[in-house]
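Okay, so here's the structure we're looking at.
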Amino acid sequence: MPVHKISYFYLFITVTSFTMAEVIKIKKGLDIQMKGQAEKIYAKAPRAETYAVKPMDFQELTPKIIPKLCDPVKVGTPIFYDKYNPEIKFTSPVSGTLKEIKRGERRRIIEVVVEDDGKDTAEKFLQGDPADLTREQIVENLLESGLWPMIRQRPYSIIARRDRKPKSIFISAFDTAPLAPDYDFVLKDMEEDFQWGVNVLGKLTEGKIFLGLDGRYPSVQTLNSIKGVVINRFKGPHPAGNVGIQIHKLDPINKGEVVWTVRPQDVVTIGKLFKNGRYDPSIVVALTGSRVEKPLYYKTIRGTAVAPLLEGKMMEGENRVISGNVLNGLKIDPAEGHVGFSDAHITVIPEGNYYEMFGWIMPGLKKMSASRSFMSTWLTPNQKFDLDTNYHGGERAFVMTGEYDKVLPMDIFPVHLLKAIMVNDIDLMEELGIYEVDEEDLALCEFVCTSKTPVTKILRQGLKNLRSEMEG
Amino acid sequence: MNSLRKFVTKIKVPFEKGGKLYMFKSTFEAFETFLFVPDKVTTGRVHIRDANDMKRTMIFVVIAMVPALLFGIWNAGFHHFQAMGEDAGFWQMVWFGFKRIFPIIVVSYVVGLGIEFAFAQMRGHEVNEGFLVTGMLIPLVMPVDVPLWMVAVATAFAVIIGKEVFGGTGMNILNPALTARAFLFFAYPSWMSGDKVWISGLTDGTGVVDGYSGATILGQAALDHSQFVNGLGEVYTAWDMFLGTIPGSIGETSTLAILLGAMILILTGVGSWKIMLSVFAGGTVMGLLLNAFAVNAFMAIPFWQHLLLGGFAFGAVFMATDPVSAAQTERGKWIYGFLIGLLAILIRVLNPAYPEGVMLAILLMNVFAPLIDHYVIRGSVKRRLKRAKVQAI
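Chains as they are written, first to last, in my numbering: chain G, 640 to 1111; chain C, 24 to 416.
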């Protein structure tokens, strides 16, 4: 090759390697194919009568209510705060009156419900370019507007603590959970606000902001030109889209360190706060699941009552409505429940409260399993399943080994970690990497477990015990 | 189906707490869940579950053992008639073997499940399905003429001492089926070794062809024979060893049938191929080493023959792979399996008291498995701590 052509060749290589985002391959995991993927169309959700903020959406939160029942509220008016961190406020997504404080077991507050007056009268907040603001000002604005809870902190997945300096911030802008919304579709026209949000977050950390994008479709350009972030593309089965896995691969959390995470549409809302000086509670929610007639994307408001969204779309029968996805979501009542604060996904599947005769020995053409002992794996490997909530067995002791490892792409021994939690061995829990995991990371372990061990429940208990040991 | 379900729901009532038949609740539930997968639904953040459960997993292990069982049934008949010098048709042989082996299976399951039901009731738990597999494994490692009362005692010992005192299924350190066999081996050695017990009718002696020897191939090797013959003096071929037309414990002779079972276990994802492969690898390595330094006939047995003889293949596929007593980390499984293969052949060849070393090698490695796992985990922990130090700098 002539000399000048060689140098152009090397120039080409160097340039493309700088502009091409790194693709990180995730080998372990499991993609669960289900019926009821949302079609890529938008619909404006009907206005609901009530909107709620649910303390249950946040880990280890003890709420204290601010207004009294029937007090008027505007968009952005604080309605409750964290008893142990009073600067963390939660604000109303609509204007109207405080209608109801729903309580559950032992008088725990599960929902704070606002009756909507349809006017969307809003509080005013600080408006400005984050480049011109100090960290303090930015933090104050986020706290006052009630958007601070959008920032979660690892370990423990609690709401971020303002006095902790995170070593980095992670945003995963794609979701690999079953039936998850397609964020390339959702965020397509939100890039400017997203960039504003990134700029805000950039002021909160001295480290980097890592943006995880879908590596399965490298030609998609949404969010590719966001500045101030380190873009990495991840390719692999679920849980490749989980922020916890991305943290583990790029900037793992060691004892004493803290990483903050923010969901993509929350980044947009934060950006809008600083750009417009107002809390814009609009959000796109994918309504999915085998029990939904023509699943689609709803443009709605955070905390909306779920009933208007299900009207005319949910099929008859005993259904489970989940705010979130089937691996990480809260069950909500179809008539009275409200969608979660940061949830951009609703899944409706059939309840599995039926007996099946000799179910455990049946060939199982319609059953889904990570083991290969069902005919469905062999005959119809590309089948989309109609999964229900049946346990498919009873709870047993730990017997099979190697099941969890196949679906957890982390250098962690999940069974040993769970056993350390069960005997409350704090040192061992730390050594085995409990700081790096959250329920959504271990959700697939719970799904595949032959012994039906309540993995995520045990993990949450362990995180709770650890936090009270560490932080008193 | 619906009427049966309604019937079961109705008769369930007295078994609940406070009811008259409460002390049989675990037993009732065992039968109920045998008939019906329960209607329990998920609570918590994970809303769906894999369709596979413990029952199904265990049943597939039993299915994988069926080829070895069927062959063993025929083989028992085949050798019996050979020893008696009588001609017999295929189905005659099968019927004979069935008559001798089926009672052993029944005793194993009845005694074992009875004890398991009792313990489950005492603890207030559901009956665990672990014994579905152990109950089939125990007969397959017995000599065909073993007295039934011995099977009962050994099963009781294995279930109570080998499993329940540790906390039941999932908590045991040793493989329960091997515990049963080891118990019999040390308590009643004349019934578990020698050259009469492996072929039905030899211990009794009536009608046996003159000069017929029921010695296994390994038994002959231990006597420093360099050629291995059957009872009638005919030399065994490698095909005999692979197919399994040799004397031995009920299920261990046919390498072919065992490999079929191995395929079932691996294809359905139930058995660990890592353990199976590493056991064979360890055995091969030790076999080669012994061949290299051979000073007697036993050491000179070609390494590949070792893999076909005795309980090696059966141990590798069905015993070493018991997930509870094996190493539980993926890396640990390689080490565990390899050491089993290595030690089994070593014990077999160099120890004059035991012509069969697989059982002891597996039991020994069962004891060491937690240690292997411990060091594998320490490795991961060290990596994590090192990373933390590097970050801090």
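Every residue gets a Cβ at the ideal spot worked out from N, C-alpha and C, and that includes glycine.
8 Å Cβ cutoff met for residue i and residue j
i          : j          : result
C:Leu-330  : C:Phe-303  : yes
C:Ile-124  : C:Leu-171  : no
C:Leu-290  : C:Val-340  : no
G:Leu-926  : G:Tyr-918  : no
C:Thr-157  : C:Pro-199  : yes
C:Thr-344  : C:Ile-273  : no
G:Thr-736  : G:Pro-702  : no
G:Trp-899  : G:Ala-799  : yes
C:Phe-121  : C:Ile-96   : yes
C:Ile-400  : C:Ile-385  : no
G:Gln-672  : G:Lys-1096 : no
G:Ile-777  : G:Ile-808  : no
C:Lys-280  : C:Gly-267  : As written in the sequence, residue 280 of chain C is Ala, which differs from the Lys given in the question. Contact: yes.
G:Thr-1019 : C:Ile-71   : no
G:Asn-881  : G:Glu-1079 : yes
C:Leu-313  : C:Met-322  : yes
G:Glu-990  : C:Val-69   : no
G:Glu-762  : G:Thr-716  : yes
G:Leu-772  : G:Lys-728  : no
G:Val-751  : G:Ala-684  : no
Exposed unless 16 or more other CB atoms sit within 10 angstroms - verdict on residue i
i         : result
C:Ile-34  : exposed
G:Ser-656 : Any reading at G:Ser-656 must be qualified, since the residue scores a pLDDT of 45, below 50, and its modelled position is unreliable; the value itself is stated next. Exposed, by the Cβ-count rule.
C:Ala-376 : exposed
G:Ile-680 : exposed
G:Gln-860 : exposed
Nearest candidate by alpha-carbon position, reference residue i, set the options
i          : options                                      : result
G:Phe-997  : C:Phe-54, C:Tyr-259, C:Val-130               : C:Phe-54
G:Tyr-856  : G:Lys-1045, G:Phe-824, G:Asn-915             : G:Phe-824
G:Val-714  : G:Glu-754, G:Ala-816, G:Arg-902, G:Asp-721   : G:Glu-754
G:Thr-1092 : G:Tyr-1030, G:Glu-678, G:Lys-874             : G:Tyr-1030
C:Asn-75   : G:Glu-1042, G:Lys-938, G:Tyr-795             : G:Glu-1042
G:Ile-748  : G:Lys-758, G:Pro-694, G:Leu-708, G:Glu-783   : G:Pro-694
G:Pro-725  : G:Leu-700, G:Pro-711, G:Asp-982, G:Glu-831   : G:Leu-700
C:Leu-201  : C:Gly-185, C:Ser-213, C:Pro-212              : C:Gly-185
G:Leu-948  : G:Leu-826, G:Thr-939, G:Asp-771              : G:Thr-939
G:Val-662  : G:Leu-818, G:Ile-705, G:Phe-729, G:Asn-871   : G:Asn-871
C:His-148  : C:Glu-187, C:Glu-353, C:Gly-338, C:Ala-323   : C:Glu-187
G:Val-987  : G:Gly-951, G:Asn-964, G:Val-897              : G:Asn-964
G:Lys-739  : G:Lys-722, G:Pro-989, G:Leu-708              : Here residue 739 of chain G turns out to be Glu, not Lys, going by the sequence shown. The shortest C-alpha separation from G:Glu-739 is found at G:Leu-708.
G:His-977  : G:Val-960, G:Pro-989, G:Tyr-993              : G:Val-960
C:Ala-238  : C:Val-231, C:Ser-249, C:Asn-253, C:Asp-247   : C:Asn-253
C:Phe-51   : C:Met-116, C:Leu-136, C:Asp-110              : C:Leu-136
C:Thr-278  : C:Phe-265, C:Gly-271, C:Ala-205              : C:Phe-265
G:Val-924  : G:Ala-944, G:Gln-885, G:Val-1046, G:Asp-1050 : G:Ala-944
G:Lys-758  : G:Leu-889, G:Glu-831, G:Val-733              : G:Val-733
Separation of residue j from residue i, as counted between CA atoms
i          : j          : result
G:Ile-665  : G:Pro-1048 : 7 Å
G:Phe-1086 : G:Asp-853  : 23 Å
G:Leu-780  : G:Ile-909  : Reading off the sequence shown, one finds Asn at residue 780 of chain G, where the question assumed Leu. Approximately 10 Å, taken between the alpha carbons.
G:Leu-1057 : G:Glu-1075 : 14 Å
G:Asn-838  : G:Pro-903  : 14 Å
C:Gly-190  : C:Val-176  : 20 Å
C:Val-390  : C:Ala-349  : 9 Å
C:Gly-256  : C:Val-169  : 25 Å
C:Ser-26   : C:Arg-406  : 59 Å
G:Gln-834  : C:Thr-192  : 55 Å
C:Pro-38   : G:Arg-1035 : Note that residue 38 of chain C is Phe in the sequence shown, not Pro. Those two C-alpha atoms are separated by around 21 Å.
G:Gly-1159 : G:Asn-893  : Residue 1159 of chain G lies beyond the range of chain G shown here (640 to 1111); nothing can be said about it.
G:Val-1062 : G:Phe-873  : 36 Å
C:Met-81   : G:Thr-1040 : 14 Å
C:Leu-44   : G:Asn-958  : 36 Å
C:Phe-83   : C:Val-293  : 7 Å
G:Glu-1070 : G:Asn-967  : 26 Å
G:Val-907  : G:Arg-791  : 15 Å
G:Thr-658  : G:Phe-813  : With a pLDDT of 47 at G:Thr-658, under the threshold of 50, the modelled position of this residue cannot be trusted; read the value that follows with caution. Their backbone Cα atoms lie some 20 Å apart in a straight line.
Interface partners of residue i on chain D, CB under 7 Å
i         : result
C:Gln-351 : This model lacks chain D altogether; the protein chains it does include are G and C.
Curious, which full-length alpha helix (DSSP H) runs of at least 4 residues does the stretch 1009 to 1065 of chain G contain?
Taking only runs of at least 4 residues, the alpha helix (DSSP H) segments lying wholly in the stretch 1009 to 1065 of chain G are 1014 to 1018, 1042 to 1046, 1053 to 1061.
Identify every run of the beta strand (DSSP E) within the stretch 738 to 795 of chain G, keeping only runs that are complete inside it and at least 3 residues long; order them along the chain.
Segments of the beta strand (DSSP E) lying fully in the stretch 738 to 795 of chain G: 748 to 755, 791 to 793.
Contiguous alpha helix (DSSP H) assignments of at least 4 residues, all confined to the stretch 782 to 857 of chain G:
Runs found: 822 to 825, 830 to 841.
Quick one: which unbroken beta strand (DSSP E) runs of 3-plus residues sit fully inside the stretch 888 to 931 of chain G? Chain order, please.
Taking 3 residues as the minimum length, the beta strand (DSSP E) runs contained wholly in the stretch 888 to 931 of chain G are 898 to 900, 921 to 927, in order along the chain.
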